[in-house]
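Undergrad: Counting with full-length UniProt numbering, you get residues 1 to 527 for the letters of the sequence shown. Quick one: the structure is below, questions incoming.
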Amino acid sequence: MASLTRPEHRNSLAFIALRRTRRHYASVITLTPPATPALTADGQPVVSIQSGRLRGTRAGGVASFKRVPYAANPFTAANRFQAPKPVAPWDGTRDATAFGPPPPQPSRDPQAVLFGGCDDLTLNIWTPDPSTKGLPVMVWIPGGAFIRADASEPAYDGDHFAVDGIVVVTVNYRVGVDGFMAIEGAPANRGLLDQIAALKWVRENIAAFGGDAANVTLFGQSAGAESAAILLASPKTEGLFKRVILQSPPMQAMSSADGTRLAAVFAKGLGVAPTVDGLAGVPLDKLIDAGTKLATAIKDPATWGKLSLGGTAFLPVIDGDVIDASPIDMLARGPKPGVPVIVGSTDEEARIYMVPGDAIDHIQQQAIDQFIGALKLPANTLDIYRTNPANVTIGDLYTALQSDYTFRMPALRIAELRSSKWQTWHYNFSWRSPGFGGRLGAAHFVDVPFSFDTLSSDQAKAFVGTNPPASLAEAMHGAWVAFAKTGDPGWPAYDLTTRLTKRFDATSSLVADPEKATRGLWKDVAF
1 MASLTRPEHR
11 NSLAFIALRR
21 TRRHYASVIT
31 LTPPATPALT
41 ADGQPVVSIQ
51 SGRLRGTRAG
61 GVASFKRVPY
71 AANPFTAANR
81 FQAPKPVAPW
91 DGTRDATAFG
101 PPPPQPSRDP
111 QAVLFGGCDD
121 LTLNIWTPDP
131 STKGLPVMVW
141 IPGGAFIRAD
151 ASEPAYDGDH
161 FAVDGIVVVT
171 VNYRVGVDGF
181 MAIEGAPANR
191 GLLDQIAALK
201 WVRENIAAFG
211 GDAANVTLFG
221 QSAGAESAAI
231 LLASPKTEGL
241 FKRVILQSPP
251 MQAMSSADGT
261 RLAAVFAKGL
271 GVAPTVDGLA
281 GVPLDKLIDA
291 GTKLATAIKD
301 PATWGKLSLG
311 GTAFLPVIDG
321 DVIDASPIDM
331 LARGPKPGVP
341 VIVGSTDEEA
351 RIYMVPGDAI
361 DHIQQQAIDQ
371 FIGALKLPAN
381 TLDIYRTNPA
391 NVTIGDLYTA
401 LQSDYTFRMP
411 ALRIAELRSS
421 KWQTWHYNFS
431 WRSPGFGGRL
441 GAAHFVDVPF
451 SFDTLSSDQA
461 KAFVGTNPPA
471 SLAEAMHGAW
481 VAFAKTGDPG
491 WPAYDLTTRL
501 TKRFDATSSL
511 VADPEKATRG
521 LWKDVAF
């Protein structure tokens, strides 16, 4: 893969973990069937879509098309900080054989500030055969705390889904200041608008790759899962997908007032106005660097409330348009009826942030007291968390609380709110990674290479080691494939009586109410 998108340092778990913190345009559905895909002289696939022709590659029985534009470059002067614009059609056949850069974002290389490039908004596609028809489609929204997102990560390779008869699409979208800062004169949630534009592109073009536009499963992890949950509840995505999978959704958003206040603090630090013109004049590398440092400026709970508890300063904004309430409240009020959902989390989410760099060994009791106080958790919270499961150190205790607040309890809340009305399945990922001397455990992101069945990639090995259980990949990846094809992952749906939950592990099983000891502590916390 090109060094632009695959530098060696990105396979280092230390860099990945330490730095991984956490309107759309009018469209017309094509009513005529797509032309039969052609082949180049050397047997490579060529397809025709609305914007022009694309040449991809075929290997191992899978055809792939990379760096496919779904919206125009949003970093031009005319498009900066605006809703995504349509791609201009092109003449000839566009090369789609190599990944392109994601939108600009912080580099994981400590020697660099900026990663990515100012390109069209793009996506990548894997298909068993573009000449087929009616294959189920899965659209992946990558995570990265709304400050990073790269659709061409090795862990997101779609080959195994394609081998199993799925057309897979991975989506790049704007992040950080360009994607999520509340800027005067700009629409809010531009990164979400990008995702909606990508889903509309899929509806209009996926038949050219063998996919069924009426059978789309939207799935994502972390910020990508929260994005998918918001799109599930938003009225702006009607008819764009049929099913949803949410892997570790954090479900945090900020009010419009907080978004405006945060933008003012950010812009003041740069010596500009918090407007389109003011921020567009800041060099991109300086803007990215300031955005990376912004999270440390909002650590005071007295000033920033719950925003101070997260690992990122960039969150979706309740703007009254894409998001008209907190994401959890939107889902509770009534997401699209008939859209089944799988939702779950890993058992030890926050260890991805706390173990690399040994931060887990330096937590003080004061941090726990501030955390519990900010969330107004019950007085017996520490006693329960010391034994369920056994948290040996202060660092273990703090990490367990952070895991539940940021990911696990929001996922459970979604299952609880949906289960009485709509089909919902709940899972926990419990396999403990041997990384960092066995301390990494069932951390955030460790589940992703299993769900994609990309265990052999160098990136995955950094998370799961060199001998991960293939049976776990078969179980989890197989459940995702079954859900995309049939709407049933193969275990009973969640309900408030039995609370049956799939536990994915080296030997997977079905368990009843695994959060029984701790879930009541969080019942009054508004995520």
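All residues carry an ideal CB built from backbone N, CA and C; glycine is no exception. Everything numeric in this text was worked out from a predicted model, so none of it was measured.
Thinking C-beta only, is Thr346 closer than 7 Å to Phe429?
TA: Yes, these two residues count as a Cβ contact at 7 Å.
Undergrad: Note down the Cα distance separating Gln364 from Pro250, rounded to an integer number of angstroms.
TA: C-alpha separation (whole angstroms): 24 Å.
Undergrad: Is Gly211 close to chain C, meaning its C-beta is less than 7 Å from at least one C-beta of that chain?
TA: Going by chain labels, chain C is absent from the structure shown, which holds only one protein chain.
Undergrad: Along the chain, where does the alpha helix (DSSP H) containing Trp480 start, and where does it finish?
TA: Unbroken alpha helix (DSSP H) run through Trp480: Ala470 to Thr486.
Undergrad: Whole-angstrom Cβ separation of Gly143 and Gln252, contact assumed at under 8 Å?
TA: Gly143 to Gln252, Cβ: 13 Å. No contact.
Undergrad: Output the distance between the C-alpha atoms of Pro468 and Arg439, rounded to the nearest integer angstrom.
TA: Each residue's alpha carbon lies about 16 Å from the other.
Undergrad: So the alpha helix (DSSP H) Leu521 belongs to, where does it begin and stop?
TA: Segment: none, Leu521 is in no alpha helix (DSSP H) and carries neither H nor E.
Undergrad: Grab the span of the alpha helix (DSSP H) containing Gly211 for me, first residue to last.
TA: From DSSP, Gly211 is part of no alpha helix (DSSP H) but of the beta strand (DSSP E) over Gly211 to Gln221.
Undergrad: Quick one, which of Val68, Asn388, Ala228 and Leu521 has its alpha-carbon nearest Arg53's?
TA: Of the candidates Val68, Asn388, Ala228 and Leu521, the one whose C-alpha sits nearest the C-alpha of Arg53 is Val68.
Undergrad: Thinking just about the alpha-carbon of each residue, which of Gly320, Arg418, Trp304 and Asn205 is nearest to the one in Asn124?
TA: Nearest C-alpha to Asn124: Asn205.
Undergrad: Gly179 by DSSP, collapsed to three states: which one?
TA: The answer is helix: DSSP assigns Gly179 an H, G or I state.
Undergrad: For a test of the three-state rule: what should DSSP assign to Leu382, helix, strand or coil?
TA: Looking at Leu382 - three-state DSSP - the assignment turns out to be helix.
Undergrad: So, with DSSP's three-state summary, where would you put Phe115?
TA: Phe115 falls in the strand class under three-state DSSP.
Undergrad: Does the beta-carbon of Ala390 have 16 or more other beta-carbons within 10 angstroms, so that it is buried, or is it exposed?
TA: With fewer than 16 Cβ atoms within 10 Å of its Cβ, Ala390 is classed as exposed.
Undergrad: Could you give the distance in angstroms between the alpha-carbon of Pro235 and the alpha-carbon of Ala197?
TA: Pro235 and Ala197: Cα-Cα distance of roughly 14 Å.
Undergrad: How big is the Cα-Cα spacing for Gly92 and Ser131?
TA: If I take the Cα positions, the gap works out to 20 Å.
Undergrad: Just grab the DSSP bridge partners of Tyr427 for me.
TA: In DSSP, Tyr427 forms a bridge with Gly344 and Lys502.
Undergrad: State the CB to CB distance for the pair Gly291 and Ile147, rounded to an integer number of angstroms; the pair is presumed to be in contact (CB under 8 Å).
TA: With a Cβ gap of about 7 Å, Gly291 and Ile147 count as contacting.
Undergrad: Spatial neighbours of Pro434 within its chain, please: CB distance less than 6 Å, with the 5 preceding and 5 following residues excluded, ordered by chain position.
TA: So the list reads Gly465, once near-sequence residues are dropped.
Undergrad: With H, G and I counted as helix, E and B as strand and the rest as coil, what does DSSP make of Tyr25?
TA: Its pLDDT being 28, under 50, Tyr25 is placed unreliably by the model, and nothing is read from it.
Undergrad: Have a look at the DSSP bridge pairing and note the partners of Ser509.
TA: DSSP output for Ser509 lists Arg503 as bridge partner(s).
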